[in-house]
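Everything on this sheet refers to the single structure shown next.
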Amino acid sequence: MTDLLMTRRAVFSDCRLYRYLLEHDFGGSGPVLSIGMVNPSLAGGDKNDQTMTKVDGFAVRLGASKVIVWNPFARIAKDIRDLRHVADPIGPENDAYIARAIQGADIHIVAWGPLSKLPKPLRGRWRSIIDVLAAADAKPMCWGTAQDGQPRHPLMLAYATPLVPWEAPR
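Count along the sequence shown from 1, then add 20; that gives the number in our numbering.
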């Protein structure tokens, strides 16, 4: 993926503690993907991390022209467990940016992984995301589900893993 020509852009809060969006524009006329993962790590406008390299690989295989990544928790943290010590892990403007990412996309993918990896106080946040998806009339897709019915995270998945419709667990 390092030789892939693309334009990268990240949207950060003024305090630089939150990354609201990360866009990779590959050009062309393919679909725009909106992908919701759990929280931003180290990837930004100028560098990739392992997860974004994998997302780019999926995007290219899907013929995407652009990927817009958003997160239920916009606070930048290398380890999701670090969010338990943060006063506001979601970010003051996050839901508005999530709505914008969803509205600007053709295919809506959710991929935050099982809830068991989250600190307990954060495990209900996905329900708010369902409301944002519903308000945008999005039809969420995923790369399969974990045992708890939550959408699988892409990092360890094979590129042959198909997208399937996601229904929120009850």
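Note that the Cβ used here is the ideal one computed from N, Cα and C, for glycine as well.
- Residue 147 places its beta carbon 8 Å or farther from that of residue 135.
- Partner residues in the beta bridge of residue 162, as assigned by DSSP, are 184.
- Burial state of residue 176 is exposed, judged by a 10 Å Cβ sphere holding fewer than 16 other Cβ atoms.
- Boundaries for residue 90: no alpha helix (DSSP H) harbours it, while the beta strand (DSSP E) harbouring it runs 86–90, taken from the DSSP string.
- The beta carbon of residue 161 sits closer than 8 Å to those of 127, 128, 129, 130, 183, 184, 185, 186, all from its chain and outside the five residues before and after it, given in chain order.
- In the DSSP assignment, residue 135 falls outside any alpha helix (DSSP H) and carries neither an H nor an E.
- About 5 Å separates the beta carbon of residue 145 from that of residue 92, a gap short enough to meet the 8 Å contact definition.
- With contacts defined by Cβ atoms closer than 8 Å, residue 103 and residue 97 form a contacting pair.
- Between residue 106 and residue 53, the alpha-carbon positions lie close to 29 Å from each other.
- Per DSSP, the continuous beta strand (DSSP E) segment holding residue 39 begins and ends at 39–45.
- In this model, residue 28 and residue 167 are separated by some 34 Å (Cα to Cα).
- Residue range 52–56 is occupied by the beta strand (DSSP E) that includes residue 52.
- Restricted to the segment 91–152, the alpha helix (DSSP H) segments that are unbroken, complete and at least 4 residues in length are 114–123, listed in chain order.
- Only residues of its own chain outside the window of five on either side were considered, and among them 84, 126, 127 have a CB closer than 6 Å to the CB of residue 51, listed in chain order.
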